[in-house]
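Going by UniProt numbering, the residue at position 126 of the sequence shown is 126; the numbering climbs one at a time, nothing skipped. We treat Cβ as the ideally placed atom computed from N, Cα and C, and that holds for glycine. Presented below is the structure to which this report refers.
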Amino acid sequence: MEHQSVGGSCLCGKARYQITGNLGIFQYCHCSRCQKFTGSAHASNLFVGPEQFSWLAGEEFVGRFEPADTRYFATAFCQQCGSSMPWLSKSGKALIIPAGTLDDDPGINPFQNIFYGSRACWYQEVGEMPLHDTMPPRKKPE
1 MEHQSVGGSC LCGKARYQIT GNLGIFQYCH CSRCQKFTGS AHASNLFVGP EQFSWLAGEE
61 FVGRFEPADT RYFATAFCQQ CGSSMPWLSK SGKALIIPAG TLDDDPGINP FQNIFYGSRA
121 CWYQEVGEMP LHDTMPPRKK PE
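Right, here's the structure in full:
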């Protein structure tokens, strides 16, 4: 696979990064920590090697939280707007890129769900719900 340069940023644009290549891992994680961190049903994470990642701007705006009871998990976030940001695993072997922060197509799609047994009790598969290209009509579902 050809290595491409892919950019990413936070919501306010102060923190910007670039990745080159990937480790071939792009997955949805349904663990309770990812639910808490994202405020969503799952995280959408792409993995890159540390040598494939660089901050372009705003690294000083990025905060980090490392739960003491975790082996690999940590989080990073823009201290200005609160966006999830890339974080180095505690092992130092991979950077986890929250896919929602990508500004470009990474050239890889998610291929698996992990910790699916821990999924939110209210989680519904996307294909089980109506799809709207814009805001839905005001009428509530029956």
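The C-beta distance from Ser84 to Thr38 rounds to 6 Å, short enough to meet the 8 Å contact threshold.
About 19 Å separates the Cβ atoms of Ser32 and Pro110, ruling out a contact at the 8 Å cut-off. Boundaries of the alpha helix (DSSP H) around Arg33: 32-38. Between Leu46 and Ala94, the beta carbon gap of about 10 Å keeps them out of contact (Cβ cut-off 8 Å). Asn113 sits close to Tyr28, with the two beta carbons spaced by under 8 Å.
Of the residues assessed, Gly8 falls on the buried side of the cut-off, its CB having 16 or more other CB atoms within 10 angstroms. Shown here, Ser83 sits in coil according to DSSP, grouped into three states, outside any helix or strand.
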